[in-house]
Amino acid sequence: MFRFHGRRAARRLLTTVVSAGAVLATMVALPAAATAAPQQAPTAPALAYSGSCPTAGVISQGYHDGHDGVDIANSRGTPIYAVGPGTVTHSGPAGGYGQWIRIRHTDGTVTEYGHMYHRDVSVGQTVTGGQRIALMGSEGQSTGPHLHFEVHPDGGFGFGANPVTYLSARGVGLPCTPGGGGGDGTSFPTWGSGVNIRAQATTNSSVTATLSGPTTVTVQCQKRGQMVHYGGYSNDAWSYLPDYGGYISNIFIDVSDAWLPGVPTC
Ligand SMILES: [Zn+2]
C-alpha cells in the first residue's frame, strides 16, 4: 500500500549532514573576524497569517476602557487554540490570570490567553495556528470558566489592542467555531494500533494522545520531521492533527502517498 523512496530520502539526509560538517570545518579554519561577519541574518519581513479561532463560546465581556481583552465563556475544559503560528514566550502561573500563555507570532504581535486550568505548551515551543494550547478554566480572578484573550501588536505588556479588530483582519469573526473556515482540515484514515501523536514531529517528543486503532483524523497541515522506519517503509513526513494538539507520522496515514495530496505545509 505504501510507495516510498526511503533509501533515496535517507541518503539525501546523510548528504545534508556531511555537507553541514564540511561547512563547519571551513568556518573553523577561517580567522575569527571572517567568521563573525556573515552571521548577520536579514531582517524578516512582517508576515501576515490567516487567523484561527481561539475557542468556542459566547462573548461574556467585550473590549472597553477598563478591559483590554475579550472574554469568551464556555464550560470548563473547552479547548483553547493558538490564533496563529508563533513561539510560546510565557506559559505558567500569573497574578490575576491564575495561569497564562503568551505567544509571539510571525508578525511580531503577541497574543495572550488567561484563566485556563490546563496548559499544553511550554516556553520556547513552536505552535501552529489552530494548535490546541490549553483547556478553559476559571483560575485567578474569575467568576466562571472563560478565556480572557488579549492582543499586543507591539509585543509588549501595555494596554492591549482590540482583539475583535485584530482577528477580523485575519479572517476570524468573534464568536467563532474552532476549525471552521480558513480551509483547515482534510480527513484521512489511519492504520495500526497504539499510534502515538507527538507534540513535535519527532519520536522522542511528548505524547499528546494515542490512537488505539484505525481512526479518521483531520489533518491541518504537514511538514518534514524525523525519519520514521516501520514495517519496511521509511517516511519523514508528519501531519498536524488540531483535534489532538500534535503530530502523527504520515507512515500511519492509510493512503499511498507519503506526502499527503492537497494538504498544505505547516
Ligand atoms: Zn477578561
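Numbering (full-length UniProt numbering), first residue to last: 1 to 266. Glycine included, each C-beta is placed from N, C-alpha and C at the ideal position. What you are looking at is a predicted structure, and each value in this text was computed from that prediction instead of being measured.
How about residue i and residue j: do their beta carbons lie closer than 8 Å?
{"i": "Thr55", "j": "Tyr81", "result": "yes"}
{"i": "Tyr97", "j": "Gly114", "result": "yes"}
{"i": "Ala201", "j": "Trp238", "result": "yes"}
{"i": "Gly144", "j": "Ala258", "result": "no"}
{"i": "Gly213", "j": "Ser193", "result": "yes"}
{"i": "Gln226", "j": "Thr190", "result": "no"}
{"i": "Pro163", "j": "Gly95", "result": "no"}
{"i": "Ile251", "j": "Tyr233", "result": "yes"}
{"i": "His146", "j": "Asp65", "result": "no"}
{"i": "Cys176", "j": "Cys53", "result": "yes"}
{"i": "Leu174", "j": "Ile101", "result": "no"}
In angstroms with no decimal places, state the Cα-to-Cα distance between residue i and residue j.
{"i": "Gly245", "j": "Ser187", "result": "16 Å"}
{"i": "His229", "j": "Asn235", "result": "7 Å"}
{"i": "Gly156", "j": "Arg104", "result": "10 Å"}
{"i": "Ser91", "j": "Glu112", "result": "10 Å"}
{"i": "Thr210", "j": "Asn196", "result": "4 Å"}
{"i": "Pro264", "j": "Tyr117", "result": "32 Å"}
{"i": "Ser142", "j": "Val123", "result": "24 Å"}
{"i": "Gly57", "j": "Cys221", "result": "25 Å"}
{"i": "Gln99", "j": "Thr208", "result": "20 Å"}
{"i": "Ala134", "j": "Glu150", "result": "15 Å"}
{"i": "Leu260", "j": "Ser205", "result": "22 Å"}
{"i": "Phe4", "j": "Thr218", "result": "In this prediction, Phe4 scores a pLDDT of 40, lower than 50, which makes its location untrustworthy; the coordinate-derived value is nonetheless stated afterwards. Computed Cα separation, rounded: 22 Å."}
{"i": "Tyr49", "j": "Gly231", "result": "38 Å"}
{"i": "Lys223", "j": "Arg119", "result": "24 Å"}
{"i": "Glu139", "j": "Gly262", "result": "41 Å"}
Quick one: is residue i buried, meaning 16 or more other Cβ sit within 10 Å of its Cβ, or exposed?
{"i": "Gly51", "result": "buried"}
{"i": "Thr216", "result": "exposed"}
{"i": "Val88", "result": "buried"}
{"i": "Gly62", "result": "exposed"}
{"i": "Pro153", "result": "exposed"}
{"i": "Ser256", "result": "exposed"}
{"i": "Thr109", "result": "buried"}
{"i": "Ser75", "result": "exposed"}
{"i": "Phe159", "result": "exposed"}
{"i": "Leu24", "result": "With a pLDDT of 36 at Leu24, under the threshold of 50, the predicted position of this residue should be treated as unreliable, and no value is reported."}
{"i": "Gly137", "result": "buried"}
{"i": "Pro79", "result": "buried"}
{"i": "Ala32", "result": "Because the pLDDT at Ala32 is just 35, under 50, the model does not fix this residue reliably, and the point stays unresolved."}
{"i": "Val28", "result": "Because Val28 sits at a pLDDT of 35, beneath the cut-off of 50, its placement in the model cannot be relied upon, and the following sentence gives the value as read from the coordinates. The residue in question, Val28, is exposed, as its Cβ has fewer than 16 Cβ neighbours within 10 Å."}
Please check if any C-beta of chain D sits within less than 8 Å of the C-beta of residue i.
{"i": "Thr106", "result": "In the structure shown, chain D cannot be found, because there is only a single protein chain."}
Three or more C-beta pairs closer than 8 Å, one from the segment 125 to 143 and one from the segment 78 to 98: is that the case here? yes
How would the residue list near ligand 1 read, in chain order, if you kept each one whose beta-carbon is closer than 6 Å to any heavy atom? Gln61, His67, Gly69, Asp71 and His148
Should the segment 163 to 171 be regarded as contacting the segment 240 to 256, the criterion being three or more beta carbon pairs within less than 8 Å? no
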